[in-house]
Amino acid sequence: MLEQGQFFSSLSHLTSLQTLHFGYFPNLQSLSESALPSSLSQLGISHCPNLQSLPVKGMPSSLSKLSISSCPLLKPLLEFDKGKHWPEIAHIPTIEIDEECLND
6 MLEQGQFFSS LSHLTSLQTL HFGYFPNLQS LSESALPSSL SQLGISHCPN LQSLPVKGMP
66 SSLSKLSISS CPLLKPLLEF DKGKHWPEIA HIPTIEIDEE CLND
């Protein structure tokens, strides 16, 4: 089993990865720009109770679907049109937070 740091550092090498779902990282607080491959079209994040930050420079422009569940610190930051991180995800056509579709 990969440790959290190993998992995220290995993702940058997966240059054609299109779909990624991960969860159950209780100590994860943020995602760095280099953590997510630019080829991603779908990203799912779940059960990361301390996650409170997305990549500062935004999510990959190729992303067409973002699903986040059970990430209570991140949820208010992604609120439609007024959350702190909304500008970083607004370009994504389909956004689901705790199974509620925000913009589809």
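Going letter by letter, the sequence shown gives residues 6 to 109 in the numbering used here. The beta-carbon is built from N, C-alpha and C at its ideal position, and this holds for glycine as well.
- Runs of the alpha helix (DSSP H) lying entirely within the segment 25–98 and spanning at least 4 residues, in chain order: 91–94.
- The Cβ atoms of leucine 78 and isoleucine 97 lie no closer than 8 Å to each other.
- Here the alpha carbon of leucine 83 sits roughly 23 Å from the alpha carbon of leucine 16.
- Buried is the label assigned to histidine 90, since at least 16 other Cβ atoms lie within 10 Å of its Cβ.
- Around the beta-carbon of cysteine 106, fewer than 16 other beta-carbon atoms lie within 10 Å, marking it exposed.
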